[in-house]
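J.: This is the structure I have questions about; it appears just below.
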Amino acid sequence: MRPDNKFQLLIKSLSLVNSSLDLQVVLDRLIRVAQQLTGARAASVLLVDEARKNLQFVAATGKKSEEVKKIYLRPKEGIAGYVYHSGRPKVVQDVAREKSFSPRTDRLSGFHTRNLLAVPIKLDKKIIGVLEVLNKSGAFTVSDIYLLKTIASSAALSIHKARLYQNLRELFLAAIQALARAIEAKDPYTRGHSERIRRYSLAIGRVLGLNKKQLEYLEIAALLHDIGKIGIAEEILQKKTPLLSSEYEEIKKHPVIGTAILKDIKEMSPALGGILHHQERFDGSGYPARLKGKDIPLLARIIAVADAFDAMTSDRPYRQGLAPEKAVAEIKRCSGTQFDPRCVAAFVKFYERDLKNVDSQILGRG
Numbered sequence: 009m010r011p012d013n014k015f016q017l018l019i020k021s022l023s024l025v026n027s028s029l030d031l032q033v034v035l036d037r038l039i040r041v042a043q044q045l046t047g048a049r050a051a052s053v054l055l056v057d058e059a060r061k062n063l064q065f066v067a068a069t070g071k072k073s074e075e076v077k078k079i080y081l082r083p084k085e086g087i088a089g090y091v092y093h094s095g096r097p098k099v100v101q102d103v104a105r106e107k108s109f110s111p112r113t114d115r116l117s118g119f120h121t122r123n124l125l126a127v128p129i130k131l132d133k134k135i136i137g138v139l140e141v142l143n144k145s146g147a148f149t150v151s152d153i154y155l156l157k158t159i160a161s162s163a164a165l166s167i168h169k170a171r172l173y174q175n176l177r178e179l180f181l182a183a184i185q186a187l188a189r190a191i192e193a194k195d196p197y198t199r200g201h202s203e204r205i206r207r208y209s210l211a212i213g214r215v216l217g218l219n220k221k222q223l224e225y226l227e228i229a230a231l232l233h234d235i236g237k238i239g240i241a242e243e244i245l246q247k248k249t250p251l252l253s254s255e256y257e258e259i260k261k262h263p264v265i266g267t268a269i270l271k272d273i274k275e276m277s278p279a280l281g282g283i284l285h286h287q288e289r290f291d292g293s294g295y296p297a298r299l300k301g302k303d304i305p306l307l308a309r310i311i312a313v314a315d316a317f318d319a320m321t322s323d324r325p326y327r328q329g330l331a332p333e334k335a336v337a338e339i340k341r342c343s344g345t346q347f348d349p350r351c352v353a354a355f356v357k358f359y360e361r362d363l364k365n366v367d368s369q370i371l372g373r374g
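The number in this note's numbering is simply the position in the sequence shown, starting from 1, with 8 added.
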């Protein structure tokens, strides 16, 4: 590749690496760029695990990538350990002749390393990881060292920003979970309901093939689908006998109340449809808007199935919950009327695979 073409590709590639706040996306793009620009056969990234005080493989190319990502190295172990400890790049043209090379990674992963180039990933003066490229046909050059140092230097800030974003998302989700528990504290019979809806909804979403971002919003909507019950009188929520029609009309307001509470939070916007419309029915007879079929947001159609299963299998003051297999049969019966058939099929697949043999106490009973 001509030098000017390689430089243009470097700029374009680094722009792509730096364009995401998803840590795994940043890392996966980083190793592909490093491998492509140096002409290596494989690449990997190790990041410092502060809790374990070691280096962990967090991304790797090739057929052995999943095996590699299970491996941890001690801070001074192998070439990566040397680079991390010294803060200097290391080129090894023949690992068989290199005393500091540790064959343990190859042994654990099944990968065979012939040569490698490793550089530190530095954020300011702190080393946060190591970037490696391996098994180049021919020798690694001074140009390769420069390229890899440039790539690692640019990626360091992207990794840092992605980690900060990940930490913020975890704090955000923890706050949402705390809010969901606060809602359930008003009604002891629904304790754990939101967490189960989250679990069931995510399982359905994964079977349906939702992408990572869709699953994130599904998780938020599932946890907060009943937040509007904050605005419902406790004597109605905790009533030990079946609801009167007037009381049921009050309960039916909770999706609208919940959406009104959250509508001004920008980050919540993609999840609001799941909260507002989780009580709609596929045949158009639900509430609050009597939406029908695919006019109902997908997140809401998923939550509707999860919510119904948990409601049917959970005990109430005035009735005992159904056995899980009977609840599943009822959901199947209502496919196409109350529920989206695709969501029902996805739930049944999840139930048969993961829930069928689970003790009912772990579901909604008791």
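Beta carbons are placed, not taken as given, at the ideal position from N, Cα and C, and that holds for glycine.
DSSP state of residue 80, grouped into three classes?
T.: Residue 80 carries a strand assignment under DSSP once its states are collapsed to helix, strand and coil.
J.: Beta carbon of residue 35, beta carbon of residue 67: below 9 Å?
T.: yes
J.: Quick one: Cα of residue 80 to Cα of residue 53, how far?
T.: 12 Å
J.: Confirm, please, whether the CB-CB distance from residue 33 to residue 170 is below 9 Å.
T.: yes
J.: If you count every other CB in all the chains shown that lies within 10 Å of the CB of residue 201, and 16 or more means buried, which is it?
T.: buried
J.: Looking at C-beta atoms only, is the number of pairs between the region 229–238 and the region 305–320 that lie closer than 8 Å three or more?
T.: yes
J.: Within the continuous beta strand (DSSP E) that includes residue 65, where are the two ends?
T.: 62–68
J.: Among the candidates 74, 104, 234, 258, whose CA atom is the shortest distance from the CA of residue 86?
T.: 104
J.: Give me, in chain order, the residues of the same chain whose beta-carbon lies closer than 7 Å to that of residue 370; leave out the 5 immediate sequence neighbours on both sides.
T.: Note on residue 370: pLDDT 48, under 50, position unreliable in the model; no value is reported.
J.: What whole-angstrom Cβ distance do residue 48 and residue 157 have, given they're in contact under 8 Å?
T.: Not quite, the Cβ-Cβ distance comes to about 15 Å (not below 8 Å), so this is no contact.
J.: Which whole runs of the alpha helix (DSSP H) in the region 204–262 are 4 residues long or more, in chain order?
T.: 220–232, 242–245, 253–259
J.: Residues in its own chain within less than 7 Å of residue 117 by CB, not counting five upstream and five downstream?
T.: 72, 75, 76, 79
J.: Between which residues of its own chain and residue 206 is the CB-CB distance below 7 Å, once the five residues before and five after are set aside?
T.: 227, 230, 231
J.: Can residue 345 and residue 331 be called in contact, C-beta distance under 9 Å?
T.: Their beta carbons are not under 9 Å apart, which means residue 345 does not touch residue 331 by this criterion.
J.: Tell me the rounded alpha-carbon separation between residue 64 and residue 219.
T.: 26 Å
J.: Does the region 235–244 come close enough to the region 293–301 to have 3 or more Cβ pairs within less than 8 Å?
T.: no
J.: When you compare each of 29, 352, 343 to residue 172 by their alpha carbons, which one comes out closest?
T.: 29
J.: Is residue 28 helix, strand or coil when you go by DSSP?
T.: coil
J.: Hey, out of 146, 216, 234, 166, whose CA is closest to residue 24's CA?
T.: 166
J.: Just the C-alpha distance for residue 92 and residue 69, rounded to the nearest angstrom, thanks.
T.: 21 Å
J.: Alpha carbon to alpha carbon, how far is residue 94 from residue 110? Give it in angstroms, no decimals.
T.: 17 Å
J.: Helix, strand or coil for residue 140? Go by DSSP, reduced to three states.
T.: strand
J.: Give the range of the alpha helix (DSSP H) segment to which residue 332 is assigned.
T.: Unbroken alpha helix (DSSP H) run through residue 332: 332–341.
J.: By the 10 Å Cβ neighbour count, where 16 or more other Cβ atoms means buried, how is residue 120 classified, buried or exposed?
T.: exposed
J.: Any idea what DSSP makes of residue 59, helix, strand or coil?
T.: Residue 59: coil per DSSP, three-state reduction.
J.: Give the DSSP bridge partners of residue 280, in chain order.
T.: Beta-bridge pairing links residue 280 to no other residue.
J.: Consult DSSP for residue 356 and reduce its assignment to one of helix, strand or coil.
T.: helix
J.: Distance, Cα to Cα, residue 190 vs residue 61?
T.: If I take the Cα positions, the gap works out to 37 Å.
J.: Taking DSSP as the reference, what is the three-state secondary structure of residue 111?
T.: coil
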